[in-house]
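Participant: Sharing a structure with you now.
Quick look at the structure:
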C-alpha cells in the first residue's frame, strides 16, 4: 500500500508542482551569515510552498502558545516564546530544499528506539518494565531494511553526529546549531530530517552509556571511558540524578513526537488527502514539531557533552538551572505532540472508516464470486494472524488448522458467549443425527463455532471463562479465541446475515458459496430432516408441510405421539394464570364427559416468564389438572420452534403468504403475548385455536351448542361456536420482535383481518432473567 509521503516534501498546503525541487545549498555555509534579498526570499518561499500556500505566520497548531515570556539559559541559549516561532520557522523553511530523495525511516527509528531505551540509568521512564534485547530488531526483515537504508545515509548520520558534538561545545546558541543541522539535511523530507538527526544523537548518547555500563568489566571500554571521564561521572551520579531524569524525560518526549510524525507519513494515501482538516493541520504543524524536537536533541546532547568535557563538577554546579530548562523544553514538545496526536487519531479514524467501508463492500463481493475452494472465505472470516492452528477440535480437544475445512460443506454457528443450555443440548442432538444422515449421503460437512464478542467492551477474565466453558461443551470445531474475529468482520456478519445476539447458522458449500443465510430456523423446525440445510431444502420442506399437530410438537414427547396415533382429542394450552388453568381444565373435562369424547390436555407454558411457568407446572402436578412437560427444555424448544417458523418465512420473504398454515402460526404467537390460550386437535388434525376467553367460554357454553353435535359432529360444532365467539371478541393481534433476533420485518399483515398492522416500539422487562425466549 502506498504510504503518504508527499506531505513531507514541502510546507502545506501542498504545492501543485509534481517536479521535485533540485536546488541545493552548501551545508557548510553558516545560515546566519547567509543573507538573501527580500525579493529572493519571497521567490524561494513561493517555490517551496506553492501558489496556494499560507505564509509561515499562518501555521496551524499548538505553536501559538499564549505564554509569551522568554526563557533564557545561563549560557545565553533561549527557549523561544510563541511570538518568536514565526521568525524561527521562516529561517528553518529557508533551509528546506528537498531533491526528491525519499527515505524509509522506520527501520532506522526502530534501531534508535532500541538504543535510547537501553542508554539510561534505572531512574528513567523509558526503562520501566523489563529490558529485552532488541525487541524491534529480532525480525530479520527489519535488520535487512535497516542495513539497506544505512548504506545510503550512514555518511549523513556520521556528519550530523560530528557536527552535533562539535557545536554543543563551541556554539552557545541552540537555534544556530539547529539551523546548521537543518542545512545538512536540507534535501530530505521533514520526517527524515528528524530521524537522521535523532540517529546522530543516539550514536553519541549510546556510546556514552555503553561505556558507562561495561567499563568496569572490559579493559578497552575502561580506557575509552577514562578519556571521556565516565568513571568519575558515574562515581558522582547521586547529585546528577535530577539532571539524568530530566534528560531521559525529554528523550522520551522527543521519541514520542518523532514516532507520531513518522506515523503521519505512513498513512495510506488512498484514504487520506492533504486537504482533509486533520491532515492539513498536521502538515502545517510538522515543520515546527521537527524544529523543536531537534532543539530538544541539541539540548540533550549538550548535557552529556558538557559532562564529558568539563567534568562532573560543572554538572553538579548547574544541575538546578539545567533541569529547569530541560523541563520547559519537554513541556513544549509534549504540547506539540498532544496536538499532533489528536490529529493523527482523527486521521487514523478516517482511514479506519474508509477501510471498513471498502472491506464491507469486498466482503459481500467475495460471496458473489466463484472460488476453487472455501479457504479464501474462511480466512476472511477467521483471521489466524500468526497462529497456524486457529481452530479447536471439540472431539479430540486439539488445536487444528483451517485446512480441515478445505472443500467441506461448512456450517458457521455464529453466537455470543451466552448460548443457553437448551440451545446447546438440542443443537448437539441434531448435529449428531445429521452427521449420521450426512454419511449416508456421502456429504462431507463440518460445524464451526464463530464466537462474537462486542468489540466495544473490554474482554474480561469472566468472559474468557465463559468462552472456554462453551468451547469445551461443543463437539464440533470452534475458533480458538474470539480475538480472531476482527471488529470489521463482526460488522459484516451483522450486515449480511442480520446477526445481533441470537445464534444463527450460515451454510457454505465446498467452494464457499452461501447456501443459506441462517439455517438455524429449519434446524429447530425439522431437525436432521433439514439436511443439508440449504435455502432450497427449506423451501421444499415448507411446500411439503401441512398444518398438523406434529408440526408443533415434532415427536418431542412420546405421550403426545401416542395420543395422536389413538386419534384422541387434545388440548394444548398455555399461559401462566393459574386460576384460568384451573377453571379451563375443569370445564374442558366436564365438556368431554358430557360429550363422551376421549380428551387429553397438555400444558406448554409461555415463551417467557420462566419462573411463573415453573410455579404453574408445580400447581398442575400437585392438583393433577392436566399433563405437562417436566423438562423446561421441551417448553423452550416448543416456543423456539414456533417462533422459528415465523422467522423462516420472513427469511424466505413469505411471511405474508395467505396460506392458512402461516396465519395459524401467527395467531399462536400473538395469543402467547396476550396471556392464556388453547388449541384443540383431534389426533393429528388441528380443529381450532383461540384466546383464553373464547376457548374457556366455548366448553362453558356446551349446553348451548350440544344440540348441533348429532347433525354436525363434535368437531364442527365446537369449531363453529368458538369461531363466532372469536369474531365477536374482536381481539387485537400483536407480535414482538426482539432486536437480538436480527431480522425484523418492515411490515406484517394481521392473521385475522389481513390488513397491515401498526408498528410500535416497545421497551419490555419481564423481571425474568432466564426467560424461555429472552427479549433484549
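Residue numbers (full-length UniProt numbering): 1 to 776. Just so you know, even glycine gets a beta-carbon here, dropped at the ideal spot from N, CA and C. This structure is a prediction, so every number in the text was calculated from the model and none was measured.
1) If you check the beta carbons only, do residue 779 and residue 549 fall under 8 Å apart?
2) Mind checking who residue 413 pairs with in its DSSP beta bridge?
3) Quick check on the burial criterion: 16 or more other C-beta atoms within 10 angstroms. Buried or exposed for residue 649?
4) Identify whether residue 18 lies in helix, strand or coil by the three-state DSSP scheme.
5) Do you know offhand how far residue 579's Cα is from residue 503's?
6) From this set, 477, 370, 203 and 372, which residue's C-alpha is nearest residue 391's C-alpha?
7) Identify whether residue 368 lies in helix, strand or coil by the three-state DSSP scheme.
8) For residue 521, report the span of its beta strand (DSSP E) as first-last.
9) Taking C-alpha atoms, which residue in 515, 525, 356 and 345 lies nearest to residue 278?
10) Taking the continuous beta strand (DSSP E) assigned at residue 478, which residues delimit it?
11) Tell me the residue span of the alpha helix (DSSP H) that contains residue 667.
12) Is the beta carbon of residue 209 less than 8 Å from the beta carbon of residue 119?
13) I'd like to confirm the pairing. Which residues does DSSP put opposite residue 688 in its beta bridges?
14) Mapping DSSP to helix, strand and coil, what is residue 779?
15) Are at least three pairs of beta-carbons, each pair with one atom in the stretch 494-503 and one in the stretch 402-419, less than 8 Å apart?
16) Report the three-state DSSP secondary structure of residue 105 (helix, strand or coil).
17) Indicate whether residue 552 and residue 642 have their beta-carbon atoms separated by less than 8 Å.
18) Please give me, in chain order, every unbroken run of the beta strand (DSSP E) with length at least 3 that falls completely inside the stretch 578-661.
19) Let's test the definition: count the other Cβ atoms within 10 Å of the Cβ of residue 337 and tell me whether it reaches 16, buried, or not, exposed.
20) Does DSSP classify residue 392 as helix, strand or coil?
21) Pick helix, strand or coil for residue 474, following the three-state DSSP scheme.
22) On the CB-based measure, 16 or more other CB atoms within 10 Å of its CB, does residue 695 come out buried or exposed?
23) Tell me the rounded alpha-carbon separation between residue 194 and residue 496.
24) Give the straight-line distance between the Cα atoms of residue 616 and residue 628, rounded to the nearest whole angstrom.
25) What residues match up with residue 570 in a beta bridge as DSSP calls it?
26) Tell me, which residues are paired with residue 516 by DSSP?
27) Using 8 Å as the threshold, is the stretch 664-674 in touch with the stretch 451-458, meaning 3 or more CB pairs across them?
28) Name the one or two DSSP bridge partners that residue 400 has.
29) Quick check for students: name the residue ranges of the alpha helix (DSSP H) that lie wholly in the stretch 185-245, counting only runs of 4 or more.
30) Strictly by DSSP, which residues pair up with residue 548?
31) Mapping the DSSP letters down to three states, classify residue 98 as helix, strand or coil.
32) Roughly how many whole angstroms lie between the Cα atoms of residue 545 and residue 385?
33) Between the alpha carbons of residue 376 and residue 512, how many angstroms are there, rounded?
34) Take the Cβ of residue 132 as the centre, count every other Cβ of all protein chains shown within 10 Å, and call the residue buried at 16 or more, exposed below.
35) Measuring alpha carbon to alpha carbon, tell me which of 247, 393, 106 and 230 ends up nearest residue 265.
36) Quick one: grab the DSSP three-state call for residue 482.
Facilitator: Reading it off the structure:
1) Since the first residue of the chain shown is 1 and the last is 776, residue 779 is not available in this structure.
2) Its beta-bridge partners are 449 and 505.
3) Answer is buried; the Cβ neighbour count reaches 16.
4) With a pLDDT of only 32 at residue 18, under 50, the local geometry of the prediction cannot be trusted, and no value is derived from it.
5) Distance between the alpha carbons of residue 579 and residue 503 is about 36 Å.
6) Of the listed residues, the one whose Cα sits closest to residue 391 is 477.
7) Here residue 368 sits in coil by DSSP.
8) Looking at the DSSP string, residue 521 is not in any beta strand (DSSP E); the run it does join, the alpha helix (DSSP H), is 520-526.
9) The shortest Cα separation from residue 278 among 515, 525, 356 and 345 belongs to 345.
10) Per DSSP, residue 478 belongs to the beta strand (DSSP E) from 477-479.
11) Residue 667 -> alpha helix (DSSP H) spans 660-674.
12) If you check the CB distance, residue 209 and residue 119 come in under 8 Å.
13) 680.
14) A query on residue 779 cannot be resolved here, the shown segment of the chain reaching from 1 to 776 and no further.
15) Yes, since at least three Cβ pairs between the stretch 494-503 and the stretch 402-419 fall closer than 8 Å, the two stretches touch.
16) Secondary structure at residue 105: coil, using DSSP grouped into helix, strand and coil.
17) It is a contact, given that the beta carbons lie within the stated cut-off.
18) Runs of the beta strand (DSSP E) inside the stretch 578-661: 599-603.
19) Residue 337 comes out buried.
20) Residue 392 carries a strand assignment under DSSP once its states are collapsed to helix, strand and coil.
21) Of the three classes helix, strand and coil, the one that applies to residue 474 here is coil, per DSSP.
22) Of the residues assessed, residue 695 falls on the buried side of the cut-off, its CB having 16 or more other CB atoms within 10 angstroms.
23) Their Cα atoms are separated by approximately 47 Å.
24) If you take the alpha carbons of residue 616 and residue 628, they lie about 10 Å apart.
25) For residue 570, the pairing in a beta bridge is given by DSSP as 600 and 681.
26) Residue 516 pairs with 507.
27) In short, these stretches do not touch, since the Cβ pair count stays below three.
28) According to DSSP, which records beta bridges pairwise, residue 400 is partnered with 391.
29) Taking only runs of at least 4 residues, the alpha helix (DSSP H) segments lying wholly in the stretch 185-245 are 190-214, 219-227 and 230-235.
30) Residue 548 pairs with 685.
31) The three-state secondary structure of residue 98, taken from DSSP, is coil.
32) In a straight line, the C-alpha of residue 545 is about 46 Å away from that of residue 385.
33) In this model, residue 376 and residue 512 are separated by some 8 Å (Cα to Cα).
34) With a pLDDT of 43 at residue 132, under the threshold of 50, the modelled position of this residue cannot be trusted, and the question is left open.
35) Per the Cα distances, 106.
36) It is helical.
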